[in-house]
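Remarks on the structure that follows.
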Amino acid sequence: METVSEIIVDALVKAGAKRCYGIVGDTINHFTSAVRQSKLEWVHVRHEEVGALAAGGESYLSGELSVCAGTAGPGSLHFLNGIFESHRNGAPVLLIATRIDRAEQGLGFPQDVDQIKLYEQCAVFCETLSDPEQARRIVSQAAQAALNHRGVAVVEVSGDIFKTKIKDSIPWAVHRPQWLARPTDEELDALAEKLNQAGKIVIYGGIGCRFAHDAVVKLGQQLAAPIVHTTRSKEYLEYDNPCNVGMNGILGNPAGYRAVQTCDLLLCLGNDFAYTQFYPEKATIIQVDIAASHLGRRTPIHMGLVGDVGATIEALLPRLKDRSDNVFLQDLLGRYQKDLEQLEERGHEPDPKLIHPQYVAQALDKLASDEAAFTADGGSPMVWLLRHLRANGKRSFLTSLSHGTMANAYPQGLGMAKADPNRQVIAMCGDGGMTMLMGDLLTLVQEKIPLKLLVFNNHSLGFVEMEQRIEGLLDSYTDLQNPDFSRMAEVIGIPGEKVEKAGDLEDAMKRWLAVKGPALLDVTVNRLELVMPPEVTAQQVSSTALFGLKAILNGRADEVVDLLKDNFLR
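Quick note: the sequence shown uses our numbering, first residue 1336, plus one each step.
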C-alpha cells in the first residue's frame, strides 16, 4: 500500500519531471514529504508566481515537464499569472493545485477556492482528483496532455486525499508518440499552383517553424521569397538564413514590414501573429498551421491548410518551379542591411554621461556566450532583446510576447538556470519588473542559482510612459523610486555593481559575466528612449507633438528638449 502523495510523485518522475516549484504548507505537507523522499527536486521559492514562471522557463527551454504545487486557497491562486504565461507560450507545466479537505468543501470554510473554475481557461487538461484510486491515472493523463499539447495541465487535489493509502495496481503511464501531419495531395497541388503563378511571394514564419529552420530556408530560396519572422520565431529563423529580412509588427524593422505590405502572396507558416493591422490588405494570404482553429482568426485568408510546417514543406517542394527572378528578394535584403546598420548606429554612444539602452543590449550581445539563454521583461527590455541580440542557432530567447506580463524575466531565468546550471543564463530586467517580484532574489542565493541579472534602470515604467506620450498624453504614475539595486544585491548575498557612465559599461559587464554564481548589474539608462516602430505614422508624430505642447504648458519643457535630443537629433 502507498499513499496518494507517493503515487503522484512517482507518476511525475516517470513522466520526466525533475523539479517541483512551490511553497510548503498545510494541504501539501504530505505531498512535499513524498517529494523529499524521491528523485523530484523541490525548489523553494518565495512567491508562487515566481515558481510558475520558473517552471515555465525550464519547460520552454527543455521541452520537458516541470511541476508546481500550491496550498489551498491563496497558495494555489498565486500561481495563476505564471500559469497563463506557460499556457500562452506552449511550455509543458503541470500544476498540483490543492483544496481544503473534502468534508469542509461547500460550507464557507476558510481558504476554500474552486481551482477548476479558475484554471480551466488556461490549461489543456484541468481535472479534479476526486477519488484516491484515480491518482496515477489522472496525473499520467495530465502529464501526457501537457507534453503532447505543449501546454499547462492542472490537477486539483483535496488535502485529505494525499495521505490516503491505496493499492496502486494498474500501470497507467504517459505516452509521447511522434507523428507528422500534412495537407492532402490535392491541397498541396492547389497550393503549388498558386505559388507557381504568384508574383512577389513573402514567407511569414511563426513559432510553428521551431523545428523546421532548414526546410523554411530551402523553400525561401526555391521561391526567391523574402522570409519575415514573428518575434517569437526570431530564435529559429533569423540565423543562417540568406532570405531573412527581419520582423514585422510594432517591434519589427522597416524591411520586414515592407515585405509583408508589398507582396502579392503572403505564405504564413506556423504563424499566429495577432495584430491584424500588420497584415497586407490586398495580397493573397495562405496559412499553414498545425491547429485548424488558428486558420483565418487573425486576418481573412484565401486558403487554409493543416499540417506540420516541416512535413508540409517537404511534400510541397517537388511540386514547385524554381524561380530565376530574385529582384524583389534582393531589394528587401538591401533594405534589411540598412535596417541593421541603423540599429547599430542607435547603439553608438556619443555622450559618455548618457547610456542608451540599445548600447547596453549591443554590449551584451558582444560579450555574452554564443550559447547563452536570454529572458527579458515585458516592456522595453524585450524590445532591446529582439532588436539587438543576434540569434545564431545556439542561443535561446524567451520573452512574454503572447501574455505580455511584467516581471517575467528573472523568474523564467531562474528556472532555465536551474535546469542547466552550466549554461550562461541572462535576465534582462526592467526596474519595474525587478521591483514587482524582488523577493525571489533570495531564492537565487538559497538555491545557489547562477543567474545573471541585468537591470535597465530608468526610474520609470518606460514602455508605459512611451505609450502615453505616443498617444499625446502627459505621462502619469510611471515614476519609480528605486533603491541602489547593486547595494541591495550585496546585502542579500549577490555580487552587484552599478554603472552610470557609458565608458564604464564594458569592463563592468565583463566582471559581471565572469562571476561564478548569481550576479546583478544595475545600469542607469536613458529614460526618454522611444521605441520606434518600423514605420512612423502621421498620427504618431502629431500625438508626440501634442505631448510636447502639453508638457510645455505644464512646465516640463526640459523633457521635450531631452526627448528630441535623445531620439530625433542623434
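Using N, Cα and C, we set each Cβ at its ideal position, and we do this for glycine too. If you're wondering where the values come from, they're calculated on a predicted model, not measured in any experiment.
Check whether residue i and residue j have beta carbons under 8 Å apart
| i | j | result |
| --- | --- | --- |
| Gly1645 | Ile1625 | no |
| Arg1471 | Ala1346 | yes |
| Leu1720 | Leu1652 | no |
| Ala1708 | Val1790 | no |
| Glu1835 | Thr1859 | yes |
| Arg1371 | Val1402 | no |
| Val1385 | Leu1749 | yes |
| Leu1429 | Ala1478 | yes |
| Ala1754 | Ile1784 | no |
| Gly1408 | Gln1440 | no |
| Ile1648 | Val1489 | no |
| Pro1692 | Ser1715 | yes |
| Ser1340 | Ala1369 | yes |
| Leu1786 | Ala1824 | no |
| Leu1655 | Ala1533 | no |
| Ile1690 | Leu1840 | yes |
| Ser1628 | Arg1423 | no |
| Leu1667 | Arg1722 | no |
| Val1492 | Cys1457 | no |
| Leu1604 | Gly1543 | yes |
| Arg1633 | Phe1608 | yes |
Opposing strand residues paired with residue i [DSSP bridges]
| i | result |
| --- | --- |
| Arg1354 | Glu1376 |
| Ser1493 | Arg1434 |
| Asp1857 | Val1790, Lys1833 |
| His1564 | Gly1540, Met1582 |
| Met1769 | Bridge partners of Met1769: none, in fact. |
| Gly1639 | Gln1622 |
| Thr1487 | Per the sequence presented here, residue 1487 reads as Val, with Thr not at that position. Partner(s): Val1428. |
| Ala1404 | Gly1357, Ile1431 |
| Lys1500 | Thr1338 |
| Cys1764 | Val1790 |
| Cys1603 | Tyr1539, Gln1622 |
| Cys1461 | Val1489 |
| Ser1731 | Ala1708 |
Cα-Cα separation, residue i to residue j
| i | j | result |
| --- | --- | --- |
| Ser1704 | Met1638 | 42 Å |
| Ala1849 | Tyr1539 | 39 Å |
| His1564 | Phe1613 | 13 Å |
| Lys1701 | Arg1681 | 15 Å |
| Leu1912 | Asp1495 | It is not possible to answer for residue 1912, since the shown part of the chain is limited to 1336 through 1905. |
| Gly1351 | Tyr1395 | 14 Å |
| Gln1469 | Leu1523 | 45 Å |
| Arg1905 | Ala1696 | With a pLDDT of only 48 at Arg1905, under the threshold of 50, the placement of this residue in the model should not be trusted; the figure read from the coordinates follows. Their Cα atoms are separated by approximately 18 Å. |
| Asn1817 | Gly1443 | 41 Å |
| Tyr1592 | Met1582 | 7 Å |
| Pro1615 | Val1537 | 11 Å |
| Asn1276 | Glu1462 | The first residue shown for the chain is 1336 and the last is 1905, placing residue 1276 beyond what the model contains. |
| Pro1467 | Ile1342 | 10 Å |
| Leu1375 | Trp1514 | 29 Å |
| Tyr1671 | Ile1418 | 37 Å |
| Glu1706 | Gly1392 | 16 Å |
| Leu1856 | Thr1499 | 49 Å |
| Asn1861 | Asn1416 | 30 Å |
| Phe1366 | Val1348 | 14 Å |
Contact with chain D by residue i, beta-carbon distance below 8 Å
| i | result |
| --- | --- |
| Gln1372 | The question asks about chain D, but that chain is absent: this structure has only one protein chain. |
Buried versus exposed call for residue i [16 or more other C-beta atoms within 10 Å across all chains shown]
| i | result |
| --- | --- |
| Trp1847 | buried |
| Gly1883 | The pLDDT assigned to Gly1883 is 48, lower than 50, so where the model puts this residue is not dependable; a value taken from the coordinates is nonetheless given after this. Label assigned to Gly1883: buried. |
| Glu1521 | exposed |
| Asn1757 | exposed |
| Met1763 | buried |
| Pro1561 | buried |
| Tyr1610 | exposed |
| Lys1851 | exposed |
| Lys1535 | buried |
Residue i CB to nearest heavy atom of the ligand GDP below 7 Å
| i | result |
| --- | --- |
| Gln1677 | Inclusion of the ligand GDP in the displayed structure is not the case, the ligand content being empty and no account of it being possible. |
| request: Decide if the stretch 1501-1518 is in contact with the stretch 1595-1605; the criterion is three or more beta carbon pairs, one per stretch, under 8 Å apart. | output: Contact between the stretch 1501-1518 and the stretch 1595-1605 is absent, because fewer than three Cβ pairs lie under 8 Å.
| Per the contact definition of three or more C-beta pairs closer than 8 Å, is the stretch 1765-1779 in contact with the stretch 1729-1745? | yes
| message | Does the structure place the stretch 1774-1789 close enough to the stretch 1728-1741 that three or more beta carbon pairs sit under 8 Å? | response | Touching, no, given that fewer than three Cβ pairs across the two stretches are closer than 8 Å.
| query | Is the stretch 1804-1819 touching the stretch 1654-1664 in the sense that three or more CB pairs, one from each, lie closer than 8 Å? | reply | no
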